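Numbering-wise (the working numbering), the sequence shown opens with residue 388 and increments by one. Backbone N, C-alpha and C fix where the C-beta goes; we use that ideal spot for every residue, glycine too. Computed from a predicted model, the values in this text were never measured in an experiment.
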Amino acid sequence: MPLTPKNMVKLLKKNGFTEFRQDGSHLVMVNADTRRKTIVPMHNKDLAKGTEQAILKQAGLK
Numbered sequence: 388m389p390l391t392p393k394n395m396v397k398l399l400k401k402n403g404f405t406e407f408r409q410d411g412s413h414l415v416m417v418n419a420d421t422r423r424k425t426i427v428p429m430h431n432k433d434l435a436k437g438t439e440q441a442i443l444k445q446a447g448l449k
């Protein structure tokens with residue numbers, strides 16, 4: 388089941404990420420410990436499977 392952007396943000400926050408800034412409809416999140424950065428598109432629809440996988444890969448969670 389695809390994640391919504393809100394659920395992705397919750398998952399990233401549980402793994403040490405914080406909201407860094409928002410540029411339009413894209414939220415930039417950063418992990419201070421690992422210095423990893425990822426961008427979450429904040430739309431009302433579910434994230435596409437490839438987008439979801441890319442965010443998890445950038446975050447080091449996959």
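| query | result |
| --- | --- |
| For aspartate 420 and valine 427, the rounded distance between their alpha carbons | 19 Å |
| Glutamine 445 beta carbon less than 8 Å from that of arginine 423 | yes |
| Classification of leucine 448 by the beta-carbon crowding that lies within 10 angstroms, buried from 16 upward | exposed |
| C-alpha distance - lysine 393 paired with alanine 441, whole-angstrom precision | 16 Å |
| Runs of beta strand (DSSP E) lying entirely within the region 396-424, each at least 3 residues, in chain order | 404-410 and 413-418 |
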